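First comes the structure, then the notes that go with it.
In our numbering, the protein residues as written are 39 to 169.
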């Protein structure tokens, strides 16, 4: 079990990373050539995986990895927001898989938070529409 100080520091790092990922504005013309590699670099440096891993892992594998990284419910929801944001920019063959991963992340966030959230339900529905 992590000490509270270490856990708070780790949580802050995750918050900052996910916040930076969400703040990125993706442009279709530049996504594949420039922006995807920037995102991959951020993900790999901070979390140890990249978008290609997300496209091959099962939802269970992704949730296990995020749990190992000590993602809390707010981190999970924000990571789901990031996934939802990149889906339209990824190859069509990966869209459905990423949408399923997004759904799993949002559902885990909802369970972890132990509260009902209309905004989370809306995001879940948006991800389900992409499957």
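Note that beta-carbon positions come from the ideal geometry of N, C-alpha and C, so glycine has one too. Keep in mind it's a predicted model, so treat the numbers as computed, not measured.
DSSP places residue 168 outside any alpha helix (DSSP H), giving it a letter other than H or E. The segment 141-158 makes contact with the segment 91-102, as at least three CB pairs between them are under 8 Å. With contacts defined as CB atoms closer than 8 Å, residue 60 and residue 111 fail to qualify as a contacting pair.
The beta carbons of residue 113 and residue 53 sit about 7 Å from each other, so the pair counts as a contact at 8 Å.
For residue 73, there is no enclosing alpha helix (DSSP H), as DSSP gives it neither H nor E. 116 is the residue among 46, 116, 80 whose C-alpha sits nearest the C-alpha of residue 158. Of 128, 78, 45, the smallest CA-CA separation from residue 67 is found for 128. Within the same chain, and ignoring the five residues on either side of residue 96 in sequence, no residue has its Cβ closer than 6 Å to its Cβ.
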